[in-house]
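*Asks:* For the sequence shown, counting from 1, position 104 maps to 104 in the UniProt record's numbering; every step adds exactly one.
Think of the CB as a built atom: it goes at the ideal place given N, C-alpha and C, for glycine as much as any other residue.
If you scroll down you'll find the structure; I have some questions about it.
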Amino acid sequence: MRIAQLQLSVQEETEKNLDGLERMMEQAASEKPDLVTAGEMFTCPYVTEKFPAYAEPEGGRTWQRLSALAAAHHVYLAAGSVPERDEAGRIYNTAYVFDREGRQIAKHRKVHLFDIYLENGDGYRESATLTPGDYFTVFDTEFGRIGVLICFDIRFAEAARIEADCGAKAILVPGAFNMTTGPAHWELSFRMRAVDNQVFMIGTSDARNPDSGYTSWGHSILTDPWGRVVGQMEEQEGYMIHDIDLSMADQIRRQLPILSARRRDLYCIKTGEGVVE
Numbered sequence: 001m002r003i004a005q006l007q008l009s010v011q012e013e014t015e016k017n018l019d020g021l022e023r024m025m026e027q028a029a030s031e032k033p034d035l036v037t038a039g040e041m042f043t044c045p046y047v048t049e050k051f052p053a054y055a056e057p058e059g060g061r062t063w064q065r066l067s068a069l070a071a072a073h074h075v076y077l078a079a080g081s082v083p084e085r086d087e088a089g090r091i092y093n094t095a096y097v098f099d100r101e102g103r104q105i106a107k108h109r110k111v112h113l114f115d116i117y118l119e120n121g122d123g124y125r126e127s128a129t130l131t132p133g134d135y136f137t138v139f140d141t142e143f144g145r146i147g148v149l150i151c152f153d154i155r156f157a158e159a160a161r162i163e164a165d166c167g168a169k170a171i172l173v174p175g176a177f178n179m180t181t182g183p184a185h186w187e188l189s190f191r192m193r194a195v196d197n198q199v200f201m202i203g204t205s206d207a208r209n210p211d212s213g214y215t216s217w218g219h220s221i222l223t224d225p226w227g228r229v230v231g232q233m234e235e236q237e238g239y240m241i242h243d244i245d246l247s248m249a250d251q252i253r254r255q256l257p258i259l260s261a262r263r264r265d266l267y268c269i270k271t272g273e274g275v276v277e
């Protein structure tokens, strides 16, 4: 399975960002990727208060263009994430996945919202405008089953484990770690989740723009089921392409049976009055 990870510079206008996606997909087309990925909120600035203004319904203009691009290039398109507005007016951080014919085959709404307060003064509160998702997401391809998480979701071990338990051999993570969390935890997080669940972890970031309201770390990354970094970009706009074989997950799981050796009978708190899950 050939994966193209597109690390795009985010502009103020949605159409310019979609144009950028289209141009880079055309650049990568000669290498015939099977799956194309992009970063978190790649169609708008990553600024909480701006999300409602950019949000569109499923099936809206952005959705239609993404669907058309998947069909035109005959690829699976996991087009990062975009702000979605539902019928009740709630706003989500949503990742759509389209198949080679442009049909939507999966949709993940970010489950864990990024509300942080760091000692250096950095803070960010997605919950000010976003609603959290309430399910985890996997989808099937001819290569095998793949999961989807979004950025902060990767920090919660249960999220990746649930998707691995549901059969995922690779997990896509559109993300936008910042200049504090990125150097400290970006690579570490992808290697940890890869080792924990014996899966490929595919993290695609936005490119770094020091002049934006939120500065992304960049460094799109691919780690294998043994926890090795297969490839990692720098901070600039561009793309990288790698071939992976999802059967490697099965091979690693046979050699080092972490998942099958789990003691589910003990993974609870036992009290004198019974068992508390």
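Taking contact to mean at least 3 C-beta pairs separated by less than 8 Å, is the segment 72-87 in contact with the segment 28-43?
*Replies:* Yes: the two stretches touch, three or more of their Cβ pairs being nearer than 8 Å.
*Asks:* Suppose you measure from the CA of Val-47 to the CA of Asn-178; what does that come to, to the nearest Å?
*Replies:* Cα to Cα, Val-47 sits roughly 12 Å from Asn-178.
*Asks:* For the segment 180-261, which segments carrying the alpha helix (DSSP H) assignment without a break, of at least 4 residues, lie completely within its bounds, in sequence order?
*Replies:* The segment 180-261 contains these whole alpha helix (DSSP H) runs: 181-197, 247-255.
*Asks:* In the DSSP assignment, the alpha helix (DSSP H) including Tyr-46 goes from what residue to what residue?
*Replies:* It is not in any alpha helix (DSSP H) - Tyr-46 carries neither H nor E in the DSSP assignment.
*Asks:* If Gly-39 sits next to Thr-204, beta carbons under 8 Å apart, how far is it from one beta carbon to the other, in whole angstroms?
*Replies:* Contact holds; Cβ gap of about 5 Å.
*Asks:* For Phe-143 and Leu-246, what's the separation of their Cα atoms in angstroms?
*Replies:* The straight-line gap from Cα to Cα measures roughly 7 Å.
*Asks:* Jot down the residue ranges of each uninterrupted beta strand (DSSP E) in the segment 77-132, minimum 3 residues, whole runs only, in chain order.
*Replies:* DSSP runs (the beta strand (DSSP E)) wholly in the segment 77-132: 82-85, 91-98, 104-109, 115-117, 123-125.
*Asks:* Rounded to whole angstroms, what's the CA-CA distance from His-108 to Thr-131? Just pull it up for me.
*Replies:* Each residue's Cα considered, the two are about 13 Å apart.
*Asks:* Go through its chain and collect everything with a Cβ distance to Arg-90's Cβ below 8 Å, but skip five positions before and after it.
*Replies:* Within the same chain, Arg-90 has close Cβ partners Thr-131.
*Asks:* I want to check one thing, is the minimum distance from the CB of Met-25 to the heavy atoms of the ligand NAD below 7 Å?
*Replies:* In the structure on display, the ligand NAD does not appear, and there are no ligands present to speak of.
*Asks:* What are the boundary residues of the beta strand (DSSP E) that Gly-144 is part of?
*Replies:* Its beta strand (DSSP E) spans residues 144-148.
*Asks:* Round the Cβ separation of Gln-198 and Ala-249 to the nearest angstrom and send it over; I've been treating them as touching at under 8 Å.
*Replies:* Indeed, because the Cβ distance is near 6 Å, the residues count as touching under 8 Å.
*Asks:* From this set, Lys-16, Ser-30, Glu-49, which residue's C-alpha is nearest Thr-43's C-alpha?
*Replies:* Checked all of Lys-16, Ser-30, Glu-49; the closest Cα to Thr-43 is Lys-16.
*Asks:* Ile-3 lies in the beta strand (DSSP E); which residues open and close that run?
*Replies:* Residues 2-7.
*Asks:* Suppose you measure from the CA of Gly-238 to the CA of Ile-3; what does that come to, to the nearest Å?
*Replies:* Approximately 14 Å, taken between the alpha carbons.
*Asks:* Report yes if the C-beta distance between Ala-160 and Leu-149 is below 8 Å; otherwise report no.
*Replies:* Taking 8 Å as the Cβ cut-off, Ala-160 and Leu-149 qualify as a contacting pair.
*Asks:* On the premise that Met-201 lies in contact with Thr-223, defined as a C-beta separation below 8 Å, what is that separation, rounded to the nearest angstrom?
*Replies:* Yes, they are in contact, since the Cβ atoms of Thr-223 and Met-201 sit about 5 Å apart, within 8 Å.
*Asks:* Starting from Asp-165 and walking both ways along the alpha helix (DSSP H), at which residues does that stretch end?
*Replies:* Taken as a continuous stretch (DSSP letters only), the alpha helix (DSSP H) holding Asp-165 covers 157-165.
*Asks:* Leaving out the 5 sequence neighbours to the left and right, which residues in its chain are closer than 6 Å to residue 353 when beta-carbon positions are compared?
*Replies:* This structure cannot speak to residue 353, because the chain is shown only from 1 to 277.
*Asks:* Ignore the nearest five residues each way along the sequence and tell me which others in Gly-231's own chain have a CB closer than 6 Å to its CB.
*Replies:* Once the five neighbours on either side are set aside, the close Cβ partners of Gly-231 are Leu-222, Met-240, His-242.
*Asks:* Just grab the DSSP bridge partners of Leu-35 for me.
*Replies:* Answer is Ile-3, Tyr-76, bridged to Leu-35.
*Asks:* Can you give me the C-alpha to C-alpha distance between Glu-87 and Pro-52, rounded to a whole angstrom?
*Replies:* Distance between the alpha carbons of Glu-87 and Pro-52 is about 13 Å.
*Asks:* Below 6 Å CB to CB, which residues in the same chain sit around Ile-244 once its five sequence neighbours on both sides are set aside?
*Replies:* Same-chain partners within the cutoff: Met-1, Phe-200.
*Asks:* Buried or exposed: Tyr-267, going by 16 or more other Cβ atoms within 10 Å of its Cβ?
*Replies:* That one is exposed.
*Asks:* Please determine, among Ile-258, Ile-269, Val-111, Ser-9, the residue with the shortest C-alpha to C-alpha distance to Asp-153.
*Replies:* Considering only alpha carbons, the answer is Val-111.
*Asks:* Check whether the Cβ atoms of Thr-62 and Thr-137 sit closer than 8 Å, and answer yes or no.
*Replies:* No, the pair does not count as a contact, with Cβ atoms beyond the cut-off.
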